[in-house]
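Take a look at the structure below.
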Amino acid sequence: MIHRLRWMIMLVGITLMGAACGAARAPVPAAPERLRVLVTTQQIGDAVQNVAGEQVELVMLLGPGIDPHTYIPTESDLRKFEQADVIFANGLHLEAQMDRVLAQLATREGKTVVQLGDQLDSTNLLSWEPEAGLPYDPHVWNDVRLWKEVVAAIATTLAEVDPSNAATYQANATTYAAELDALHAYLLAQADTIPAEQRILVTAHDAFGYFGRAYGFEVEAVQGLSTEAEASAADIQELAQIIIAGNVPAIFIETTISPRTIEAVQAAVQDATGKPLLLGGELYSDAMGAPGSGTDTYIGMMRHNIDTIVAALGA
Ligand SMILES: [Zn+2]
Numbered sequence: 138m139i140h141r142l143r144w145m146i147m148l149v150g151i152t153l154m155g156a157a158c159g160a161a162r163a164p165v166p167a168a169p170e171r172l173r174v175l176v177t178t179q180q181i182g183d184a185v186q187n188v189a190g191e192q193v194e195l196v197m198l199l200g201p202g203i204d205p206h207t208y209i210p211t212e213s214d215l216r217k218f219e220q221a222d223v224i225f226a227n228g229l230h231l232e233a234q235m236d237r238v239l240a241q242l243a244t245r246e247g248k249t250v251v252q253l254g255d256q257l258d259s260t261n262l263l264s265w266e267p268e269a270g271l272p273y274d275p276h277v278w279n280d281v282r283l284w285k286e287v288v289a290a291i292a293t294t295l296a297e298v299d300p301s302n303a304a305t306y307q308a309n310a311t312t313y314a315a316e317l318d319a320l321h322a323y324l325l326a327q328a329d330t331i332p333a334e335q336r337i338l339v340t341a342h343d344a345f346g347y348f349g350r351a352y353g354f355e356v357e358a359v360q361g362l363s364t365e366a367e368a369s370a371a372d373i374q375e376l377a378q379i380i381i382a383g384n385v386p387a388i389f390i391e392t393t394i395s396p397r398t399i400e401a402v403q404a405a406v407q408d409a410t411g412k413p414l415l416l417g418g419e420l421y422s423d424a425m426g427a428p429g430s431g432t433d434t435y436i437g438m439m440r441h442n443i444d445t446i447v448a449a450l451g452a
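The working numbering numbers the first residue of the sequence shown as 138 and each following residue consecutively.
Below, the structure is given as structure tokens:
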């Protein structure tokens, strides 16, 4: 009896050893796969980076100098859309050429598509052309208080989709929100250094409406809220008259738009007055700067913009 028992224990032992050897030969299990997050603009990419850090695999569609209003997604972009678990877009018709594909992707099972502009309280949004089906100005990042809400919406979405990292996302979002509060205070203080009557901000297209409302500037632009329609000679003459009447010392080019229209406005004003009109520098309107430039973060970009404006209008 004892002999048989010993024999059985030996057999069980051999079986277990075999199982252990088998396990040792199996490939090392891969690290848990990270969430694949695709964003359209650099601004959104920076927000995701601040909320999620290395916890997610981030793919950014639109790089420095790319105009989101007119950008048409390529075949390779569409593949990136397919591979993403979560897609964050600005929405409010900013990515005008992607509206259809985003709407289609939103119907897919297992894919989360968030148009961040839609998450904001619409009473805080500026109107666009409601009669054309475009209710709100999409350039919401230009008011830091609105952008803070966008960051919170990103954290909420990621926490829902990836609950195992929810605490990290929420903690990071809280830390970053404090940095955004400091940025908002900086922008207000810098804007205050410019006398009220000199706070007229003239740019190539109407991207600074929220900025003007938040930081106390009257904003004027050659093109409207989108760059889809070309500026006309009449638009240029009309803006030249506003600049002359307001005694505006400088106007600004934008990194995502050819400087031609703003140079045409400059020439029209100079022809009419016989006096020089300064180009005040380059503002980041719809995209941020190149990697390593200091304007490749949202905070760096906003600081660059206000510092450039103060240098040109505050003198
Ligand atoms: Zn724009």
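Quick reminder that beta carbons are idealized off the backbone N, C-alpha and C, glycines included.
message = Extract the residue ranges of the alpha helix (DSSP H) inside the segment 344 to 405, only unbroken runs of 4 or more that lie entirely within it.
response = Secondary structure within the segment 344 to 405: the alpha helix (DSSP H) runs of 4 or more consecutive residues, fully enclosed, are 346 to 352, 370 to 382 (chain order).
request  = Compare the Cα-Cα distances from Ala292 to each of Phe225, Val447, Asn261 and report the closest residue.
outcome  = When Phe225, Val447, Asn261 are compared, the shortest CA-CA separation from Ala292 is found for Phe225.
task = Would you kindly check if the distance between the Cβ of Ile399 and the Cβ of Ala344 is under 8 Å?
result = no
request  = Please confirm whether any heavy atom of ligand 1 lies closer than 7 Å to the CB of Ile395.
outcome  = According to the sequence shown, residue 395 is Ser rather than Ile. No, Cβ of Ser395 sits at least 7 Å from all heavy atoms of ligand 1.
query = Is any heavy atom in ligand 1 found nearer than 7 Å to the beta carbon of Ser264?
reply = no
ask   = Is any heavy atom in ligand 1 found nearer than 7 Å to the beta carbon of Thr364?
value = yes
inquiry  = Going by beta-carbon coordinates alone, are Val281 and Met439 separated by less than 8 Å?
reply    = yes
request  = Answer with buried or exposed for Gln360, where buried requires no fewer than 16 other C-beta atoms within 10 angstroms of its C-beta.
outcome  = buried
task = For ligand 1, enumerate in chain order all residues having a CB closer than 6 Å to any of its heavy atoms.
result = His206, His276, His342, Ala344, Ser422, Asp423
ask   = Using 8 Å as the threshold, is the segment 228 to 235 in touch with the segment 201 to 213, meaning 3 or more CB pairs across them?
value = yes
ask   = With burial defined as no fewer than 16 other Cβ atoms inside 10 Å of the residue's Cβ, what is the status of Ser422: buried or exposed?
value = buried
query = Do you know whose CA, among Ala405, Glu297, Gly417, lies nearest Glu391's CA?
reply = Gly417
inquiry  = Tell me which residues share the same chain as Asn442 and place their Cβ nearer than 8 Å to its Cβ, disregarding the 5 neighbours each side in the sequence.
reply    = Phe348, Leu420, Tyr421
ask   = Among Ala351, Gly346, Glu375, Ala290, which one has its Cα closest to the Cα of Ser363?
value = Ranking Ala351, Gly346, Glu375, Ala290 by Cα distance to Ser363 puts Gly346 first.
Neighbour-count burial assignment, Asp255, 16 or more Cβ in a 10 Å radius = Only exposed fits Asp255, as fewer than 16 other CB atoms lie within 10 angstroms of its CB.
ask   = Which runs of the alpha helix (DSSP H) spanning at least 4 residues fall entirely within the segment 275 to 326, listed in chain order?
value = 281 to 298
query = Where Gly202 and Glu334 are concerned, what is the direct C-alpha to C-alpha distance, given to the nearest angstrom?
reply = 31 Å
query = Does the Cβ of Lys285 have 16 or more other Cβ atoms within 10 Å, making it buried, or fewer, making it exposed?
reply = For Lys285, the number of other beta carbons within 10 angstroms of its own is at least 16, and it is reported as buried.
message = If distances are taken between C-alpha atoms only, which option among Gln220, Gln179, Thr177, Asn187 comes closest to Ala315?
response = Closest by alpha carbon: Asn187.
Proximity of Gly437 and Gly431 at Cβ, strictly below 8 Å = Yes. Within cutoff.
ask   = Rounded to a whole number of angstroms, what is the C-alpha to C-alpha distance between Gly228 and Leu271?
value = 11 Å
ask   = Residue range of the alpha helix (DSSP H) that Tyr435 falls in?
value = 435 to 450
inquiry  = Distance check for Glu170 and Gly159, CA to CA, integer angstroms please.
reply    = Residue confidence for Gly159 is low, a pLDDT of 44 falling below 50, so the modelled location carries little weight and cannot support an answer.
ask   = Residues in its own chain within less than 8 Å of Glu365 by CB, not counting five upstream and five downstream?
value = His206, Thr207, Ala233
query = Is it right to say Glu367 is buried, meaning 16 or more other beta carbons lie within 10 angstroms of its own, or is it exposed?
reply = Exposed is the call here.
request  = Going by CA-CA distance only, name the one from Tyr313, Ser395, Gln241 that's closest to Met190.
outcome  = Note that residue 190 corresponds to Gly in the displayed sequence, not to Met. Taking only the C-alpha atoms, the option nearest Gly190 is Tyr313.
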